[in-house]
Amino acid sequence: MSTLQLNSYGIASLKAPHKSKYTTTHKTLRPLSHTNFSRIKIRAIGTVPDSKSDAKEPEEPPSVNFAFVHSVLLPDGTPDVHFRTSCGGKKLRDIMLDSNIELYGPYARPLLNCGGGGTCGTCMVEVIMGKELLNPRTDKEKKILKKKPKNWRLACQTTVGNPDSRGLVVIQQLPEWKNHEWKYEKILPAELLPQ
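For any residue, its number in my numbering is found by taking its place in the sequence shown, counting from 1, and adding 162.
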């Protein structure tokens with residue numbers, strides 16, 4: 163049996179025992195020439211956890227979660243709900259359009275809505291949950307929505323919270339086209355349930 167050793171200078175040596183009782187041979191092989199470290203492949207096989215680290219996991223940036231409920235039911239009779247997340251301080255209209263959520267319905271063509279000016283009333287939404295995160299109704303909203311329920315808002319006039327706001331807002335899209343009623347319930351996370 164032979165042994166191959168590599169020393170720190172990159173010189174390989176081969177030790178091969180002979181069958182003789184008194185002599186052993188030590189044969190030195192040629193030095194490894196032109197050791198090129200750019201050709202060496204290194205593969206990580208694991209990491210060592212740092213037990214002394216006091217670093218905390220980074221905290222998630224503040225954001226507001228949205229659930230947008232479409233005015234048309236799915237074929238199985240359940241509401242079509244789209245979930246999105248956005249930072250606070252933005253207009254609800256901008257959040258919906260940036261998230262590809264239907265806002266105008268049949269009024270989506272350029273000449274059928276005011277483009278966010280608050281004069282046409284085609285961007286009406288119904289706020290199901292999360293009213294506390296929205297700004298109060300503006301004068302334009304009071305004028306256009308005076309015969310509508312109190313939880314109806316104009317998306318172009320509604321600002322969602324502040325940049326550091328957190329929470330959940332549930333919005334019914336196109337409430338004037340809604341042909342169904344649906345109920346919702348709040349489900350508490352397991353850690354908040356009484357034991």
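Where is the CB? At the ideal position from N, CA and C, for every residue including glycine.
Helix, strand or coil for residue i? Go by DSSP, reduced to three states.
i    : result
E338 : helix
E343 : coil
R255 : helix
G329 : strand
I417 : Only positions 163 to 357 of the chain appear in the structure, and residue 417 is not among them; the question remains open.
P311 : coil
D242 : strand
A270 : coil
E221 : coil
Answer yes or no: do residue i and residue j have a C-beta to C-beta separation smaller than 8 Å?
i    : j    : result
V231 : V332 : yes
C285 : N297 : no
S327 : V243 : no
V289 : R315 : yes
L330 : G283 : no
On a CA-only basis, which of the options is nearest residue i? Give me that one, please.
i    : options                : result
K253 : G277, P272, P268       : G277
W339 : I290, K304, L307, Y266 : Y266
F245 : G239, E264, P237       : E264
R336 : P223, Y269, D238       : Going by the sequence as given, residue 336 is Leu instead of Arg. Selected option, being the one with the closest Cα: Y269.
K302 : G292, A317, M291, P224 : A317
Are any of the Cβ atoms in chain D nearer than 8 Å to that of residue i?
i    : result
N275 : No chain D appears in the structure shown, which is made up of a single protein chain.
With a threshold of 8 Å, are at least 3 pairs of Cβ atoms found where one atom belongs to the segment 259-266 and the other to the segment 302-314?
no
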